[in-house]
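One structure is given below, encoded as structure tokens.
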Amino acid sequence: MSINSETYRDIYGVVSRIPRGRVTTYGQVACLAGMPGRARLVGYALSALNDPSIPWHRVVNARGEISQRSDGGPGDTVQRLRLEEEGVHFDGQGRIPLDRYLWRP
DNA sequence: GTGGTGACTGCCA
DNA sequence: ATGGCAGCCACCA
Numbered sequence: 001m002s003i004n005s006e007t008y009r010d011i012y013g014v015v016s017r018i019p020r021g022r023v024t025t026y027g028q029v030a031c032l033a034g035m036p037g038r039a040r041l042v043g044y045a046l047s048a049l050n051d052p053s054i055p056w057h058r059v060v061n062a063r064g065e066i067s068q069r070s071d072g073g074p075g076d077t078v079q080r081l082r083l084e085e086e087g088v089h090f091d092g093q094g095r096i097p098l099d100r101y102l103w104r105p
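Here it is as structure tokens:
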């Protein structure tokens, strides 16, 4: 990982144990990392992340949608493709039914 | 030190 | 159902 910070390492640690074919929300990652209410920090941490071994694509927002990146990169498209490869099904509105795919540790 | 920004969330109209 | 808004806190200029 690119940043030397315990906080970020905790976030990445949580993300890396999301099982294949499941998703989780920014808020839940924050909660599991011991900082409830700091979903925005999780988003910031992921934007700074540049490590292919971390399954960042399994993190979506609280509505089950893929959050668009500010840098205009193709990340959001890649995210959807990778999730579909894992068998995560999107509904007609581009959202993931969280009742079905949300990771419950 | 100060102020603006963001891969967010929950509340309210 | 959708859209706006305040709160959140690390980072950068």
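Numbering of the first sequence is given in the UniProt record's numbering, commencing with residue 1 and proceeding in unit increments.
Glycine residues also receive a C-beta, built at the ideal position from the N, C-alpha and C atoms.
In this text the structure is predicted, and so the values were computed from the model without any measurement.
The three-state reading of DSSP puts L41 in helix, counting H, G and I together. By the C-beta density criterion, H89 is exposed, having fewer than 16 other C-beta atoms within 10 angstroms. Per DSSP, the continuous alpha helix (DSSP H) segment holding Q28 begins and ends at 26 to 32. The Cβ atoms of Y26 and V78 do not sit closer than 8 Å to each other. Counting every other CB atom within 10 Å of its CB across the protein chains shown gives G13 a total below 16, marking it as exposed. Nearest to D91 by C-alpha distance, out of G64, P105, P74, R82, is G64.
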